[in-house]
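As numbered in the working numbering, residues 577 to 953 make up the sequence shown, in order. Think of the CB as a built atom: it goes at the ideal place given N, C-alpha and C, for glycine as much as any other residue. As structure tokens, the structure follows; a few thoughts come after it.
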Amino acid sequence: MKNEDGGTPQASHNEGKGPWDLPGSGKGGRKPAEPVSNEPENGPDDKGKTANPWEPQNASSGRPRGPSLEELFRRPGGGGGGWGGLPPRANGKSWWPIIAGGLAVIWLAWTSIHRIGPEQEGVVTFFGSYSRTVAPGIALTLPAPIEQLEKVDTQQIRTTSIGSVRANSENLVLTRDQNLVDMAYDVRWSIRDPELYLFQLDQPETSVQEVAESAMRAAVANFDLIQAIGGSRSEIEAQVRQRMQAIFDEYRSGVFVQSISIRESDPPAEVNEAFREVNAAQQRRESYLNEARAYSSRVTELARGETAEFDKIYEEYRQAPEVTRRRLYYETMEQVLGKVDKTIVETGGVTPYLPLPALERRANPTTDTVTVTGKKQ
């Protein structure tokens, strides 16, 4: 811009002063920029300077310049790895086809060869659908995911426990006489058909528990309370097993019920103590009845033996009355006098030389003494 006289106007004092101008620098407050040199300075002021980590350093700066990340991946055979990190083969071809082929062979062998234990059976599925069941040994299948094999342990005896013997957990079942009984029992079962077990039941453990509870309630409803907590447990167990097996066969579940074992069969906890006392009284009654029956049988057999002996003696008496009478007298006296202390004194006042009976009486005061006097022959 020119003045009226054609000259160049001079800048005023505040003209050209911007926000980046330093105060007191040259004309108009701006200090002329000093030339920047790329050469490193070796003076003492250079120690406080820090190089930019994002800018590569050249050799003249005194610091080594490493390869960038892009160069590391672009370099064939470089130490950075990547897809080009493997050295080529002797014929110049890549190793990757051989590696891919080896992985494929391993995958085929891993998913096609199966070892099935002696207690197991293998169920093979073709794209998720049942194909066949293989026996124990080495089984061959198509590679996954075309065919897959699932091993099922058919020899293992599984146990499902229902109810608890703890007082705070009750499994109450209604009896025929409208009483409640707390039942705790175990169900032992195994897998009979692996195909049906895998494809017919969604939750086998839950199904076994629910079927067992239903069968137990149906069986206990046929017994009274005394029978359920007493001697009818074996009958209840047999009925429960039969009902469960019938239900599983109807479902085509592949489950075989081995046995039912009742661990506890008691009345509810509120009246359990009273029922235990009643049960103890019934057991004592049975014990007394058994003792009475045994005594009656023993006395009856003894009477029958004595009767048979008397009949034989009577037959002998009919044939020889005098001889039989004398023999009976001697036998009776032998039974009476055989176990007592006795002194036989003959007529004429003969005294034994040694007082042996007196000594025996002193040693055993409870022995009875019988004196027999006989006539001298």
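Item to check | Under 8 Å between C-beta atoms of S688 and P719 | outcome: Contact flag set, yes.
Checklist entry - In angstroms, rounded to a whole number, what distance separates the CA positions of E862 and N855? => result 11 Å
Item to check | V749 beta carbon less than 8 Å from that of V796 | outcome: yes
Checklist entry - From which residue to which residue does the beta strand (DSSP E) around K915 run? => result Taken as a continuous stretch (DSSP letters only), K915 belongs to no beta strand (DSSP E), as it is neither H nor E.
Item to check | C-alpha gap between Y827 and A870, whole angstroms | outcome: 53 Å
Next on the checklist: Which residue marks the beginning of the beta strand (DSSP E) containing T736, and which one marks its end?
Outcome noted: In the DSSP assignment, T736 falls within the beta strand (DSSP E) that extends over R734 to I738.
Item to check | Span of the beta strand (DSSP E) around T701 | outcome: Q696 to F702
Item to check | Burial state of W686 (16 or more Cβ within 10 Å) | outcome: exposed
Item to check | Bounding residues of the alpha helix (DSSP H) (the contiguous stretch that carries F832) | outcome: Premise fails: F832 lies in the beta strand (DSSP E), V831 to D842, not in any alpha helix (DSSP H).
Checklist entry - Is G624 helix, strand or coil when you go by DSSP? => result The pLDDT assigned to G624 is 49, lower than 50, so where the model puts this residue is not dependable, and the model offers no usable value.
Checklist entry - Would G739 be called buried (16 or more neighbouring beta carbons within 10 Å of its own) or exposed? => result buried
Item to check | Close-in-space but distant-in-sequence residues of the same chain around Q731 (CB under 6 Å, 5 per side omitted) | outcome: E695
Checklist entry - Alpha carbon to alpha carbon, what distance is there between Q779 and R691? => result 26 Å
Checklist entry - Cα-Cα, which of Y893, A896, N798 and T709 is closest to D769? => result T709
Next on the checklist: Just to confirm the assignment, what range does the beta strand (DSSP E) spanning G713 have?
Outcome noted: Residues G713 to L716.
Checklist entry - Taking contact to mean at least 3 C-beta pairs separated by less than 8 Å, is the region 784-800 in contact with the region 873-889? => result no
Checklist entry - Does DSSP put S670 in a helix, in a strand, or in coil? => result coil
Checklist entry - Can the beta-carbon of S841 be found closer than 8 Å to that of M759? => result yes
Checklist entry - What are the residues that DSSP puts in a beta bridge with D729? => result Q696
Checklist entry - Who are the near neighbours of I823 in its chain, counting only those whose CB is closer than 8 Å to its CB and skipping five residues on each side? => result V787, S790 and A791
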